[in-house]
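A.B. asks: The end of the sequence shown is residue 978 by the working numbering, with every number in the run present. One structure, pasted below without further comment.
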Amino acid sequence: MTVPATTPTTPTTPGAAATRATPGAATGAARAPEPAPEVLRPHAEDAFADELAALAAADDRPRPARWRLSPWAVATYLQGGVLPDGTVITPKYVGPRRLVEVAVTTLATDRALLLLGVPGTAKTWVSEHLAAAVSGDSTLLVQGTAGTPEEAVRYGWNYARLLAHGPSRDALVPSPLMRAMSEGMTARVEELTRIPADVQDSLITILSEKTLPLPELGQEVQAVRGFNLIATANDRDRGVNELSSALRRRFNTVVLPLPATPQDEVDIVSRRVDQIGRSLDLPVAPAGAAEIRRVVTVFRELRDGVTTDGRTKLKSPSGTLSTAEAISVVTNGLALAAHFGDGVLRPDDVAAGILGAVVRDPGADRVVWQEYLETVVRERDGWKDFYRACREVSA
């Protein structure tokens, strides 16, 4: 989100460094504050503010309480389209439109939404953009880990105020979920299955009764209209704790699949690499399309256990080889080409990244990779340079 402008003063925190006077400047000389540094990864509502504003202006359909856009406009924001005034809405998610419609419709009801899928199927990405389109704020987030405490889901305490004045609303520190309930916003919980079971269960009352009890104060927080929750979970690496049946019943589950076709996956990787490359000021790789297609082909063949033409059965490695990993491999290759090459993305730039993604278990996965190189890559027309580069980094 946009950081408010600050008055030029002597900074008391690292974040205030942008307003510090230049060393050697005359004392008392009037200076304009230095511009705030660019954010490395803007929140979705900031990065796509123009598209959200254009959709809001063109959106004449009914909107649920406290929604910034109608369900139709939210789905259009995720899937892309062209507005009557010619504004192009870029796709944020490439996949079945019906899945997006079901997800958006769920948020318009009293049911929470669970996005389920293997790693790299854009669960977090979809979650963030749904919250941005619905509430205009994707930052009400609980990041699930094995150490996530109950306070992160419910509320905590300002212990200085608690000791000085006892339990009160002023001493209470609201969690992102509590804020979302109070303000009628969309909250997010990432990696729900990594959260300890007893902390997971604290969601049951919130989702079923739409109430958060405050027993220390003899009070409760009731969710206002507009509140809902989006959670994500990984159905391959099952995390630390399975969801209880009681909690799972509180969600409508939408399973996000891997890209249906090679071209879909190439489009996704190309679009995200372009966005990331522009944010990092990396030059556009003239020959990038060929290497992106090659990376996607390798990942899909090893992931599916069969070559594209269906003629050769393959062993699959232990890793997921997800679309997100393909994006990472190509982005890293683009940086190599920009900083240590001639700016053209070549097999040498992506070979090491592919090896790192495929060989997670040095014993079993290395055998799978070597077999794939010798039986598929070596014999494929136009892949000689790629075979040589992979052999060099695998040695």
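A virtual CB, placed ideally from N, CA and C, is assigned to each residue, including glycine.
1) Pop quiz: A918 and V927 are said to be a contact at Cβ under 8 Å. What is the actual Cβ separation, rounded to whole angstroms?
2) On the DSSP letters alone, give me the boundaries of the alpha helix (DSSP H) that R971 sits inside.
3) What is the DSSP secondary structure of Y676, reduced to helix, strand or coil?
4) Please list the terminal residues of the continuous alpha helix (DSSP H) segment that includes W708.
5) In the structure shown, what three-state DSSP assignment does P757 receive?
6) Tell me whether I813 sits in a helix, a strand or coil according to DSSP, three-state version.
7) Please go through the same chain and pick out, in chain order, the residues whose beta-carbon is closer than 6 Å to the beta-carbon of A780, but skip the five residues on each side of it.
8) Taking L638 and L652 to be in contact with their CB atoms under 8 Å, please state how far apart those CB atoms are, rounded to whole angstroms.
9) Excluding the 5 residues flanking R744 on each side, which residues of the same chain have their C-beta closer than 8 Å to its C-beta?
10) Just the C-alpha distance for R819 and R833, rounded to the nearest angstrom, thanks.
11) Please list, in chain order, all residues of the same chain as A814 whose beta carbon is under 6 Å from its beta carbon, the five residues on each side excluded.
12) Of the residues F810, T707, T688, which one's Cα is nearest the Cα of G727?
13) Start and end of the beta strand (DSSP E) containing V804?
14) What did DSSP end up calling G871 once you bin it into helix, strand or coil?
15) So, is T914 buried or exposed, given that buried needs 16 or more other C-beta atoms within 10 angstroms?
16) Count the C-beta pairs between the stretch 801-811 and the stretch 658-674 that are closer than 8 Å, then say yes if the count reaches three, no if not.
17) Any idea which residues DSSP pairs R771 with across the strands?
18) Are the CB atoms of V849 and R876 nearer to each other than 8 Å?
19) Please state the DSSP three-state secondary structure of P796.
20) L723 and A691 - do their beta-carbons sit closer together than 8 Å?
21) Per the contact definition of three or more C-beta pairs closer than 8 Å, is the stretch 887-901 in contact with the stretch 948-963?
22) A705: which of P647, N817, L760 sits nearest, CA to CA?
23) Under 7 Å Cβ to Cβ from R949, same chain only, skipping five residues before and after it: list those, please.
24) Hey, T906 and P842 are a contact pair by Cβ (cut 8 Å); roughly how many whole angstroms apart?
25) Taking the DSSP output, what are the residues bridged to K896?
26) Note down the Cα distance separating V912 from F882, rounded to an integer number of angstroms.
27) Cα-Cα, which of A658, T689, D693, G669 is closest to V677?
C.D. replies: Checking against the coordinates, here is how it stands:
1) Contact flag wrong, Cβ pair sits at about 13 Å.
2) 967-977
3) coil
4) 706-718
5) strand
6) strand
7) N824
8) 6 Å
9) Once the five neighbours on either side are set aside, the close Cβ partners of R744 are S751, D753, A754.
10) Rounded to whole angstroms, R819 and R833 show a C-alpha spacing of 21 Å.
11) Excluding positions up to five away in sequence, the list reads L697, V772, L775.
12) T707
13) 802-805
14) For G871, the three-state secondary structure derived from DSSP is helix.
15) The Cβ neighbour count for T914, taken over all protein chains shown within 10 Å, is at least 16; the residue is labelled buried.
16) no
17) L724, I813
18) yes
19) strand
20) Result no, Cβ atoms of A691 and L723 do not sit closer than 8 Å.
21) yes
22) N817
23) V942
24) 6 Å
25) V889
26) 11 Å
27) A658
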